[in-house]
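Peer 1:
In my numbering, the protein residues as written are 53 to 457.
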């Protein structure tokens, strides 16, 4: 039985490849257009930092000198009708000193652990090698069909993105070049130059703390997500409508973005999620955002999130510790080689928050050095028994060196 469970994902992948080639028959094939390797990228980063942890009972140490290292190899190949890409990631990092009462955090996004292996080095650090993304894409005219481990981003807004349903970035994440992939398929149909339909399926997995990533190898088919998305442009705005099932909960969503008054970018997105089979409370999320490029060197962005949960315990059940949240960011080019970004996130319900500042200095072409500071604010104030979402956030200063080849 164990061998069967272990081999099932491999059989699924093989079956998926067969299905893809079967689907390829309606696609035009040009024998004079051979598949070629046209892109090879290598990325390396290494960083260290000093973290001071709050006295909340979630950590068994008050401070830590942490470190992390990533090494990526990205390969892309194909022709006009077929594309292939793979993103291999080797990552090593020190572990946060969480207590047993804090539980085991799932370090990886929800995807099969079959394509990953990790080693705990003395309990204080971990090394992992995994496939971060792996896709095959067939294209013909108005159609694109993509299968495999792929990044899926359905968001319109930036800090608070309720429609970014799969492996979303945290609002305070500054470096967003590599979005993790999830296991699924996607079909894009371009109706005309201004409108498109997307059909998306994403596999779900059960939590498995004994695995290398915290997730099982084989899918939980009952929790498979299936979504449809329609996008079009009108009046200078891009509009989107989203609907389907995420795990066992049904969702309806929307979004729009465009420019007003000739200078301001206006963005909004939101969704309504029903209670599902497990009895979660229904939830409504709405985000509005405004941004402006003031000069060639100065820009700002602000967003407001309203998260309403239809239960008697709104702050606890929603995933946030309050109903209203705000964020404002400021970016400034100090010199052509030095850029600064300041971000403030506020829980408007209990007035807790987070201030983050980032300096990025270009040492050379494709070589960057960054310094980042995170300062949680007023985290002892809370309207729910679980505390603010910033309660367990450490004060920290981080340095990171990045190289692109």
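Here a beta-carbon is modelled for each residue, glycine too, at the ideal position from N, C-alpha and C.
1. Hey, how far is the Cα of residue 151 from the Cα of residue 303?
2. Does the beta-carbon distance from residue 279 to residue 296 come in below 8 Å?
3. Hey, out of 377, 382, 334, whose CA is closest to residue 346's CA?
4. Quick one: give me the first and last residue of the beta strand (DSSP E) that residue 124 is part of.
5. Measure the CB-CB distance between residue 262 and residue 162 and report whether it falls below 8 Å.
6. Quick check: residue 397 and residue 360, are their CB atoms within less than 8 Å of each other?
7. Around the Cβ of residue 267, are there at least 16 other Cβ atoms within 10 angstroms (buried) or fewer (exposed)?
8. Below 8 Å on the Cβ atoms is my contact criterion, and I expect residue 185 with residue 144 to pass it. Report the Cβ-Cβ distance as a whole number of Å.
9. Considering only C-alpha positions, which residue in the set 289, 105, 239 is nearest to residue 313?
10. Where does residue 308 fall in DSSP's three states?
11. Which first and last residues belong to the beta strand (DSSP E) in which residue 219 is found?
12. How close, in whole Å, do the beta carbons of residue 354 and residue 379 come, if the pair is a contact with beta carbons under 8 Å?
13. Tell me where the beta strand (DSSP E) around residue 278 begins and ends.
14. Whose CA, out of 406, 404, 422, 403, lies closest to the CA of residue 412?
15. Rank 284, 210, 224, 164 by C-alpha distance to the C-alpha of residue 200 and give the top, closest one.
16. Tell me the DSSP bridge mates of residue 375?
17. By the DSSP assignment, the beta strand (DSSP E) with residue 358 in it spans what residues?
18. Beta-carbon separation of residue 213 and residue 321 under 8 Å?
19. The beta strand (DSSP E) with residue 426 in it runs from where to where?
20. Could you give the distance in angstroms between the alpha-carbon of residue 306 and the alpha-carbon of residue 166?
21. Look at the alpha carbon of residue 175 and the alpha carbon of residue 219, and state the distance between them as a whole number of angstroms.
22. With DSSP collapsed to three states, give me the class of residue 263.
23. By the three-class DSSP mapping on this structure, what secondary structure does residue 167 have?
24. Quick one: grab the DSSP three-state call for residue 274.
25. What residue from 342, 231, 103 has the CA that sits closest to residue 113's CA?
Peer 2: If we stick to the structure as given:
1. Position 99 of the chain shown, counting from 1, holds the residue named residue 151. Position 251 of the chain shown, counting from 1, holds the residue named residue 303. Computed Cα separation, rounded: 35 Å.
2. Within the chain shown, residue 279 is the residue found at index 227, counting from 1. Within the chain shown, residue 296 is the residue found at index 244, counting from 1. Going by C-beta atoms, residue 279 is nearer than 8 Å to residue 296.
3. Locating residue 346 in the chain shown gives position 294, where the first residue counts as 1. Minimum Cα distance to residue 346 is reached at 382.
4. What you label residue 124 is simply residue 72 of the chain shown in a count that begins at 1. First-last of the beta strand (DSSP E) with residue 124: 115-130.
5. Taking the chain shown and counting its residues from 1, one reaches residue 262 at position 210. Taking the chain shown and counting its residues from 1, one reaches residue 162 at position 110. No, these two residues do not count as a Cβ contact at 8 Å.
6. Here residue 397 refers to the residue found at position 345 when the chain shown is read from its first residue. Here residue 360 refers to the residue found at position 308 when the chain shown is read from its first residue. No, the pair does not count as a contact, with Cβ atoms beyond the cut-off.
7. Reading the chain shown from its first residue, position 215 is the one you call residue 267. The residue is buried, with at least 16 neighbouring Cβ atoms inside 10 Å.
8. Translated into positions along the chain shown, residue 185 becomes position 133. Translated into positions along the chain shown, residue 144 becomes position 92. The pair is not a contact, with the Cβ atoms about 20 Å apart (cut-off 8 Å).
9. In the chain shown, counting from the first residue as 1, residue 313 sits at position 261. Among 289, 105, 239, the Cα nearest to that of residue 313 belongs to 289.
10. Residue numbering aside, residue 308 sits at position 256 when the chain shown is read from its first letter. Note: residue 308 maps to strand in three-state DSSP.
11. Residue numbering aside, residue 219 sits at position 167 when the chain shown is read from its first letter. Segment: none, residue 219 is in no beta strand (DSSP E) and carries neither H nor E.
12. The residue you call residue 354 lines up with position 302 of the chain shown. The residue you call residue 379 lines up with position 327 of the chain shown. Contact flag correct, Cβ pair sits at about 7 Å.
13. One-based indexing of the chain shown puts residue 278 at position 226. Note, residue 278: beta strand (DSSP E), 277-286.
14. By 1-based counting over the chain shown, the position of residue 412 is 360. Minimum Cα distance to residue 412 is reached at 422.
15. Walking along the chain shown from the start, residue 200 turns up at place 148. Nearest of 284, 210, 224, 164 to residue 200, Cα basis: 164.
16. By one-based count along the chain shown, residue 375 stands at place 323. Answer is none; residue 375 lacks a bridge partner.
17. On the chain shown, position 306 is the one that residue 358 refers to. Taken as a continuous stretch (DSSP letters only), the beta strand (DSSP E) holding residue 358 covers 350-361.
18. To locate residue 213, count along the chain shown from 1; it is residue 161. To locate residue 321, count along the chain shown from 1; it is residue 269. In this structure, residue 321 lies closer than 8 Å to residue 213 by Cβ.
19. Position 374 of the chain shown, counted from the first residue, corresponds to residue 426. Looking at the DSSP string, the run of the beta strand (DSSP E) that includes residue 426 is 419-429.
20. As a first step, residue 306 is located in the chain shown; it is residue number 254 there, counting from the start. As a first step, residue 166 is located in the chain shown; it is residue number 114 there, counting from the start. Using only the alpha carbons, I get a separation of about 34 Å.
21. As a first step, residue 175 is located in the chain shown; it is residue number 123 there, counting from the start. As a first step, residue 219 is located in the chain shown; it is residue number 167 there, counting from the start. Taking the straight line joining both Cα atoms gives about 26 Å.
22. Stepping through the chain shown from its first residue, residue 263 is reached at position 211. Note: residue 263 maps to coil in three-state DSSP.
23. Along the chain shown, one-based indexing puts residue 167 at 115. The answer is helix: DSSP assigns residue 167 an H, G or I state.
24. Position 222 of the chain shown, counted from the first residue, corresponds to residue 274. Three-state result, residue 274: helix.
25. As a first step, residue 113 must be located in the chain shown, where it is residue number 61. Measuring from the Cα of residue 113, the nearest candidate turns out to be 103.
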